[in-house]
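Numbering (the numbering used here), first residue to last: 6 to 143. Cβ atoms here follow ideal geometry from the backbone N, Cα and C, with glycine treated the same way. Just so it is clear, the structure is predicted and the values come from calculations on it, not from any experiment.
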Amino acid sequence: MKLGIRSLCLTIIFEYQPEEVFPKDGTPEEREHAFWVTVDPRYFNISKTLQELKLEGCINSTTCLSTTPKVTTVERGTSASIYVDNAAYRSFIYQKFNSSLRLGWRGICRVKQADTFTSLAATNSVSVVVEFIKKLSP
């Protein structure tokens, strides 16, 4: 009985918070709160050009991911500081917010070897950010 109640409570407890959005001039005293943050169209278009970027899939000659990592974009997405390998949770997010749950770690966590591939994820993340910044220049 307690287990059932606990499970019920865990499905009810769902917290989300608005993002703090600061104006372009950087004045922190004038911050706003927004649940959905509009992406700058220029940044979104730049991110689309990164989908062809080749990412590393191996940490050495014998240890590789089962699928090749890739850069993807979504029209409406969510992010989190953790990853929960839970199809029901992903379905809930999609149904409730019409949003894709995309994380750089998704493919890594799925293989249950996140510790093994931490450095690979970091390397690929830096590669994507560096290429994005390069494309910001006029």
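Under DSSP, the alpha helix (DSSP H) around Arg95 begins and ends at which residues?
92–102
If we count the other Cβ atoms within 10 Å of its Cβ and call it buried at 16 or more, is Tyr48 buried or exposed?
exposed
Okay, do the segment 56–65 and the segment 37–47 touch, 3+ Cβ pairs below 8 Å being the bar?
no
At a Cβ threshold of 8 Å, is Ala39 touching chain D?
Protein chain content of the structure displayed is limited to a single chain, and chain D is not contained in it.
Those runs of the alpha helix (DSSP H) which lie wholly inside the segment 29–73 and span at least 4 residues
46–54
What's the C-alpha gap between Asp30 and Glu37?
So the two alpha carbons sit approximately 13 Å from each other.
Between Val133 and Val76, which are expected to be in contact by the criterion C-beta below 8 Å, what is the C-beta distance as a whole number of angstroms?
6 Å
Proximity to Thr78 [Cα-Cα], best of Ile138, Lys139, Thr68, Ser104:
Considering only Ile138, Lys139, Thr68, Ser104, the residue with the shortest C-alpha distance to Thr78 is Ser104.
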